[in-house]
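Peer 1: Protein chains in written order, with UniProt numbering: chain A, 1 to 414; chain B, 1 to 301. Every residue, glycine too, gets a C-beta built ideally from N, C-alpha and C. Quick one: this structure, given as structure tokens, is what I'll be asking you about.
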Amino acid sequence: MNKILLIIQREYVTRVRKKAFLVMMFAVPLLVAGMFKLIAYVAKDSDQISKPQTVKVIDESHQFEGKLKNAKNIQFVPTNEPLEQAKAGLKDNEDLSVLLISKDYAHKPVQFFSKKKPSFTLTGEVENQMNQIASTNTMLANHIDTALINKAQKNKVSVSAMEVTDAGTKDADVGASMGVGVACAILIYMSLFIYGAQVMRGVIEEKTSRIIEVIISSVKPFQLMLGKIIGVGLVGLTQFGAWIILSVLATKIGGQHASGGMAQFLVTLQNLPFGYILFCFLFYFITGYLLYSALFAAVGSAVDSETETQQFMFPITMPLLFTYLLSVTVLFRAPDSPLAVWLSMIPFTAPVAMMIRIPFGGVGPWELAISMTLMVVGFLFTTYVAARIYRVGVLMYGKKASFKELAKWFFYKE
Amino acid sequence: MLSIRNIVKQYAGHRALDDVSLEVESGKIFGLLGPNGAGKTSLIRIINQITAPDSGEILFNGVKLNQSHIERIGYLPEERGLYKKMEIGEQMIYLARLKGLTRDDATQKLKFWFKKLDMESWWKKKIEELSKGMQQKAQFVATVLHEPDLIILDEPFSGFDPVNAELIKDEILELNRKGATILFSTHRMESVEELCDSIALIHKSHKILDGRVKHIRNSYKNETYLVEYTGDQLAFDGSQPFEVISETAGEDNSNTIKIKLSDNSANDVLQYLLPKTRINMLQEVIPSMNEIFIEKVNLIN
Chain A
1 MNKILLIIQR EYVTRVRKKA FLVMMFAVPL LVAGMFKLIA YVAKDSDQIS
51 KPQTVKVIDE SHQFEGKLKN AKNIQFVPTN EPLEQAKAGL KDNEDLSVLL
101 ISKDYAHKPV QFFSKKKPSF TLTGEVENQM NQIASTNTML ANHIDTALIN
151 KAQKNKVSVS AMEVTDAGTK DADVGASMGV GVACAILIYM SLFIYGAQVM
201 RGVIEEKTSR IIEVIISSVK PFQLMLGKII GVGLVGLTQF GAWIILSVLA
251 TKIGGQHASG GMAQFLVTLQ NLPFGYILFC FLFYFITGYL LYSALFAAVG
301 SAVDSETETQ QFMFPITMPL LFTYLLSVTV LFRAPDSPLA VWLSMIPFTA
351 PVAMMIRIPF GGVGPWELAI SMTLMVVGFL FTTYVAARIY RVGVLMYGKK
401 ASFKELAKWF FYKE
Chain B
1 MLSIRNIVKQ YAGHRALDDV SLEVESGKIF GLLGPNGAGK TSLIRIINQI
51 TAPDSGEILF NGVKLNQSHI ERIGYLPEER GLYKKMEIGE QMIYLARLKG
101 LTRDDATQKL KFWFKKLDME SWWKKKIEEL SKGMQQKAQF VATVLHEPDL
151 IILDEPFSGF DPVNAELIKD EILELNRKGA TILFSTHRME SVEELCDSIA
201 LIHKSHKILD GRVKHIRNSY KNETYLVEYT GDQLAFDGSQ PFEVISETAG
251 EDNSNTIKIK LSDNSANDVL QYLLPKTRIN MLQEVIPSMN EIFIEKVNLI
301 N
């Protein structure tokens, strides 16, 4: 037992000390922070009108005179200036624009001039008002009672998604759930690969440098394999821990500048059961990692160099890749479909499939219990199989291993 | 120290060891000799508990070999290797701790060895920065750092330059004098012949010969002698009390004959030759381990 601790310590310390680890640790949260900043910036730029805007209206049709109403930060000023003269003033003033309504506005497009590309809010507002005015005008011209129409239009039905939970009803923000689900699935998929591959590379390194024989004359191959898996896993957890802490900080800082839609998104994010999601994420990361890294270790033991791993990697990573692709294309839109439920039960696919489903809250306690139990059974099984292959594989040199060969190793006696 | 009893190791397709039994005496140097692929490494791996035999057992000081013995064995595998990217000092301490030493103990011992072998400046170096010979030296230190009772060296001198090989040889002899039992394995029989107290010959998974080197060689003596004399070449007419196997002329009017005795002793030979010529040397021919091995293998075939 003591020796496993020694191995874990070495595996952990040599990796954490590397520069790449530190770089990754700070680069990722910085990216997250940068992304939030970018979203906030884009959202602000397109949706919000920060400064009062003046719109000069040249109405050649005279249909809209006095009917355009000033809105928040938007002021309409009718003018009789010729177009060229009005446009000349735009160059010096970013917050000024000119609206040209031609006589035949129904067939010729209405033009909007400004120094910079106008925000959607501004053009949208103009479009909205003009559409309303135009249709009112048409109705008046055809002697339709606009008051009646207005009344009829008040019957607006809006569907608001409410989720019924034990705690009562609450707003179901599907978007946030989707976002978190997909993010979790991607993160778990990538990390299983990254850390699994690290285990594999470590095994190959020990084999090619031939230190393996020195080590296993001191410890059992199983101890070495387990020590390596746990050591690398702890590196992963450390990385996640650092990311979570730094990302929360980054979001807090980035979130202060967020407003409007962005702020709302952050609020709904905060309404998700983060503790529960985090617990599930850690559980599925740890068990999924143990399950896959054991297989990766077995592959590493069977080959002499990393280039030879291809033939074994493909079948091992297939279920994960398959679930991942399904998750980001289909499953996140149907998190409780039979396919999603089944995939979240099979240990090889559950880490990704379950992480997609969990943020939606549709996973029952029984489902979760079965899936988690199967995960534990799954990783115990793969560890057992991998250990039997590993103990033979690490001492085999220059032999091109096939699956048949691996099966033979499995049945070797001590 | 080691009692190896009826070990059988079967691999898919071939039997690496077939009913091999050996006794390695405490405090002695034992040579495990045989050509490549004879099964030496298989046996060594079993002693190191890297693999287990299909049948048979090994006793370590009378106790059935178990995990607790690992710390009392030092093993230098034929394929040398260390972590390339790890600093030497740290790596040596790690390996010693895997053998059960405490960190302080390992550090202290390592300092002693580094000083002894002029390696003090290597402590912070990575293995990949060292030459092959230096790596071997470091690996030797790693093998003996935890002061094992039994040191197993697989092809110990391959890869060393003559100077370092001599250095390592002296270290091994010193460790032996201090009480460690040494088990060599090599296919270059002449290289360990003079070092070993006892040997075993392994050929095609079988032990074909074992015992004390002196006894073995004496038992393979076949009454053959070399005689060197100065003077005119002697003519033998068949009345001499020995059989002449070969004659060679040497420098300065000297001749060497190889003779085989049947019933008589070397004294008779001298008595016969003395009046005839001036004798420089008479020496009994003791076969080398290599010759014995070849003879033994031919006998089996």
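Residues of chain B with CB under 7 Å from A/I216, in chain order?
Peer 2: On the first sequence, position 216 is the one that residue 216 of chain A refers to. The contacting residues are I50.
Peer 1: Can you grab the Cα-Cα spacing for the pair A/E60 / A/S102, in whole Å?
Peer 2: One-based indexing of the first sequence puts residue 60 of chain A at position 60. One-based indexing of the first sequence puts residue 102 of chain A at position 102. Each residue's Cα considered, the two are about 5 Å apart.
Peer 1: Are any of the Cβ atoms in chain A nearer than 9 Å to that of B/M86?
Peer 2: Here residue 86 of chain B refers to the residue found at position 86 of the second sequence. Closer than 9 Å to some Cβ of chain A, the Cβ of B/M86 qualifies, so yes.
Peer 1: Cutting at 6 Å between CB atoms, please list the residues of its own chain near B/H146, excluding the five before and the five after it.
Peer 2: For the purposes of this step, residue 146 of chain B is taken as residue 146 along the second sequence, with counting starting at 1. Correct list, in chain order: A96, K99, L101.
Peer 1: Checking contacts by CB at 9 Å: is B/P156 closer than that to chain A?
Peer 2: Counted from its first residue, the second sequence places residue 156 of chain B at position 156. No, its Cβ sits nowhere closer than 9 Å to a Cβ of chain A.
Peer 1: Would you kindly work out how many angstroms separate the C-alpha atoms of A/L83 and A/V126, rounded to a whole number?
Peer 2: Within the first sequence, numbered from 1, the residue matching residue 83 of chain A stands at position 83. Within the first sequence, numbered from 1, the residue matching residue 126 of chain A stands at position 126. When rounded, the distance between both Cα atoms is 18 Å.
Peer 1: At the 9 Å Cβ level, is A/K400 part of the contact set with chain B, yes or no?
Peer 2: Within the first sequence, the letter at position 400 stands for residue 400 of chain A. Closer than 9 Å: no.
Peer 1: How would you list, in chain order, the residues of chain A whose beta-carbon sits under 7 Å from the beta-carbon of B/E79?
Peer 2: As a working note, residue 79 of chain B is residue 79 in the second sequence. Near B/E79 (Cβ distances below 7 Å), the residues of chain A are R210, E213.
Peer 1: With a threshold of 9 Å between beta carbons, is A/I194 in contact with chain B?
Peer 2: In the first sequence, counting from the first residue as 1, residue 194 of chain A sits at position 194. Judged by the 9 Å Cβ criterion, A/I194 is not in contact with chain B.
Peer 1: Is the shortest distance between the beta-carbon of A/T14 and the beta-carbons of chain B less than 9 Å?
Peer 2: As a position in the first sequence, residue 14 of chain A is number 14, starting the count at 1. So, interface residue.
Peer 1: For A/E206, decide whether its Cβ has a neighbour in chain B, counting only Cβ atoms nearer than 9 Å.
Peer 2: As a working mapping, residue 206 of chain A is identified with position 206 in the first sequence. At least one chain B Cβ lies under 9 Å of A/E206.
Peer 1: Helix, strand or coil: which one does DSSP assign to B/D105?
Peer 2: In the second sequence, the residue the question calls residue 105 of chain B occupies position 105. If DSSP states are grouped into helix, strand and coil, B/D105 belongs with the helices.
Peer 1: How do the segment 69 to 81 of chain B and the segment 106 to 117 of chain B stand: do at least 3 beta-carbon pairs fall below 8 Å, yes or no?
Peer 2: The segment 69 to 81 of chain B, when compared against the segment 106 to 117 of chain B, does not touch it at the 8 Å Cβ threshold.
Peer 1: Can you list, in chain order, the residues of its chain whose CB lies under 6 Å from that of B/M134, leaving out five sequence neighbours each side?
Peer 2: Mapped onto the second sequence, residue 134 of chain B falls at position 134. The answer is none, since no qualifying residue turns up.
Peer 1: Just curious, the beta strand (DSSP E) that B/D210 is in, first and last residue?
Peer 2: Looking up residue 210 of chain B in the second sequence gives position 210. Element bounds for B/D210: 206 to 212.
Peer 1: Mind listing the chain B neighbours of A/R10? Cutoff is C-beta to C-beta under 7 Å, in chain order.
Peer 2: By one-based count along the first sequence, residue 10 of chain A stands at place 10. Near A/R10 (Cβ distances below 7 Å), the residues of chain B are Y94.
Peer 1: Should B/K9 be labelled buried (16 or more other beta-carbon atoms within 10 Å of its own) or exposed?
Peer 2: As a working mapping, residue 9 of chain B is identified with position 9 in the second sequence. Looking at its Cβ environment, which holds 16 or more other Cβ atoms inside 10 Å, B/K9 is buried.
Peer 1: Where are the beta strand (DSSP E) runs, 3 residues long or more, that stay fully inside the segment 56 to 114 of chain B, in chain order?
Peer 2: Within the segment 56 to 114 of chain B, the complete beta strand (DSSP E) runs of at least 3 residues are 73 to 76.
Peer 1: To which residues of the same chain is A/I244 closer than 7 Å at the C-beta, ignoring the five residues directly before and after it?
Peer 2: As a first step, residue 244 of chain A is located in the first sequence; it is residue number 244 there, counting from the start. So the list is empty, once near-sequence residues are dropped.
Peer 1: Pair every Cβ in the segment 215 to 231 of chain A with every Cβ in the segment 7 to 14 of chain A, then say whether three or more of these pairs are closer than 8 Å.
Peer 2: Yes, they touch.
Peer 1: Please identify the residue among A/I346, A/K400, A/V376 whose C-alpha is closest to the C-alpha of A/T309.
Peer 2: Here residue 309 of chain A refers to the residue found at position 309 when the first sequence is read from its first residue. Selected option, being the one with the closest Cα: A/K400.
Peer 1: Can you tell me which of the three DSSP states A/Q111 falls into?
Peer 2: For the purposes of this step, residue 111 of chain A is identified with residue 111 of the first sequence, where counting begins at 1. Strand at A/Q111.
Peer 1: For B/R212, which of B/A200, B/N36, B/S288, B/E79 has the nearest alpha-carbon?
Peer 2: Position 212 of the second sequence holds residue 212 of chain B. The residue with the shortest Cα to Cα distance from B/R212 is B/A200.
Peer 1: B/Y75 touches chain A at which residues, Cβ-Cβ below 9 Å?
Peer 2: Translated into the one-based positions of the second sequence, residue 75 of chain B becomes position 75. Within 9 Å Cβ-Cβ: E213, V214, S217, S218.
Peer 1: Please classify B/Y229 as buried or exposed, where buried requires at least 16 neighbouring CB atoms within 10 angstroms.
Peer 2: Within the second sequence, the letter at position 229 stands for residue 229 of chain B. Counting Cβ neighbours within 10 Å, B/Y229 comes out buried, since at least 16 surround it.
Peer 1: Using beta-carbon positions only, say whether B/I58 and B/R5 come within less than 9 Å of one another.
Peer 2: Taking the first residue of the second sequence as 1, we reach residue 58 of chain B at position 58. Taking the first residue of the second sequence as 1, we reach residue 5 of chain B at position 5. Closer than 9 Å, so yes.
Peer 1: Listing by chain order, which chain A residues have their CB less than 7 Å from the CB of B/L59?
Peer 2: Within the second sequence, residue 59 of chain B is the residue found at index 59, counting from 1. Ordered by position in chain A, no residue passes the 7 Å Cβ test against B/L59, which lies about 18 Å from the chain.
Peer 1: So with CB distances below 7 Å, who are the chain B contacts of A/K408?
Peer 2: Here residue 408 of chain A corresponds to residue number 408 of the first sequence, with the count starting at 1. Under the 7 Å cutoff, chain B gives A12.
Peer 1: In its own chain, which residues sit with a C-beta less than 8 Å from the C-beta of A/A340, not counting the 5 before and 5 after it?
Peer 2: Taking the first residue of the first sequence as 1, we reach residue 340 of chain A at position 340. Excluding sequence neighbours, A/A340 sits near L331, A334, A353, I356, R357.
Peer 1: Quick one, which of B/F60, B/S21, B/I202, B/P53 has its alpha-carbon nearest B/K40's?
Peer 2: Taking the second sequence and counting its residues from 1, one reaches residue 40 of chain B at position 40. Measuring from the Cα of B/K40, the nearest candidate turns out to be B/I202.
Peer 1: What residues in its chain sit with their C-beta under 7 Å from that of A/K91, if we drop five residues either side in the sequence?
Peer 2: Within the first sequence, residue 91 of chain A is the residue found at index 91, counting from 1. Taken in chain order, the residues that qualify are K115.
Peer 1: From A/M345 to A/A387, what does the alpha carbon distance come to, in whole angstroms?
Peer 2: As a first step, residue 345 of chain A must be located in the first sequence, where it is residue number 345. As a first step, residue 387 of chain A must be located in the first sequence, where it is residue number 387. Going from the Cα of A/M345 to the Cα of A/A387 covers about 24 Å.
Peer 1: Within the 9 Å Cβ cut-off, does A/L6 reach chain B?
Peer 2: Walking along the first sequence from the start, residue 6 of chain A turns up at place 6. Yes, contact with chain B.
Peer 1: How many Å lie between A/G361 and A/T323 at the Cα?
Peer 2: Here residue 361 of chain A is taken as the residue at index 361 of the first sequence, counted from 1. Here residue 323 of chain A is taken as the residue at index 323 of the first sequence, counted from 1. If you take the alpha carbons of A/G361 and A/T323, they lie about 19 Å apart.
Peer 1: Name the residue from A/V182, A/P118, A/K151, A/L31 whose alpha carbon lies nearest to the alpha carbon of residue 417 of chain A.
Peer 2: Residue 417 of chain A lies beyond the stretch modelled for chain A, which goes from 1 to 414, so this question has no answer here.
Peer 1: Assuming B/P148 and A/V214 are in contact, meaning their beta carbons sit under 8 Å apart, how far apart are those beta carbons, in whole angstroms?
Peer 2: Against the second sequence, residue 148 of chain B aligns to sequence position 148. Against the first sequence, residue 214 of chain A aligns to sequence position 214. Not really, about 13 Å apart at Cβ, beyond 8 Å.
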